[in-house]
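Residue numbers (our numbering): 43 to 209. Ideal placement from N, C-alpha and C gives every residue a C-beta, glycine not left out. If you're wondering where the values come from, they're calculated on a predicted model, not measured in any experiment. Heads up, the thing below is written out as structure tokens.
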Amino acid sequence: MDGARQSASAVGADLAEPKTHSDKELFLLKRKNLRNPLVSLKAVNQSIMAHREDTWADGRRTQNAYRKLHGAVHCVAKTCTKFSDRLGELSARIVSLETESEAEKTTTDMLETGVSDAHWKLEDFDNRLRKNNLRVLGIPEVVEGAEGEETSKFIVRLSFPELSVWN
């Protein structure tokens with residue numbers, strides 16, 4: 043009697059509520075084919091084989107997706123490496139240009155100072171030249187009667203008649 047109870051409880055356990063989708067399919071097959079255990083085992087075996095093929099197909103699809111994803115990640119990593127290298131080159135170039143720019147600015151400042159100093163020296167020299175000049179008012183630029191004679195020589199001859207050099 044205990045053996046009958048155990049087999050009944052085993053059958054009852056087989057007819058318990060399913061937990062997953064595949065368990066539900068097995069449950070329905072067992073319930074349908076309880077009277078013929080050979081048919082039930084064939085159906086279960088076919089179901090298992092179908093699930094096995096589906097699982098393999100899913101595994102292959104997952105592997106293919108993984109390979110594609112791995113290739114994409116590798117490509118992105120390669121591109122990032124190229125960008126990183128280029129960024130390093132550009133950063134070094136920027137530092138170089140900034141250094142050159144600072145040197146050029148220093149040179150430009152020195153040249154501007156030199157030009158400014160030269161301008162003031164030239165202006166001072168020009169003013170000193172004018173300081174020694176005499177202004178003679180009332181004598182025209184071109185003197186009549188002094189044919190071919192320069193105005194400056196004419197003024198000197200009038201101012202210093204005793205110098206015979208000018209005669």
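Quick one: Cα of A114 to Cα of M91, how far?
34 Å
Hey, how far is the Cα of T155 from the Cα of K173?
27 Å
Indicate the three-state DSSP secondary structure (helix, strand or coil) for F202 in the structure shown.
coil
What is the DSSP secondary structure of E95, reduced to helix, strand or coil?
helix
Taking one C-beta from the stretch 169-183 and one from the stretch 192-200 each time, how about it: are there three or more such pairs within less than 8 Å?
yes
So for I136, helix, strand or coil by DSSP?
helix
On the three-state DSSP scale, how would you describe R177?
coil
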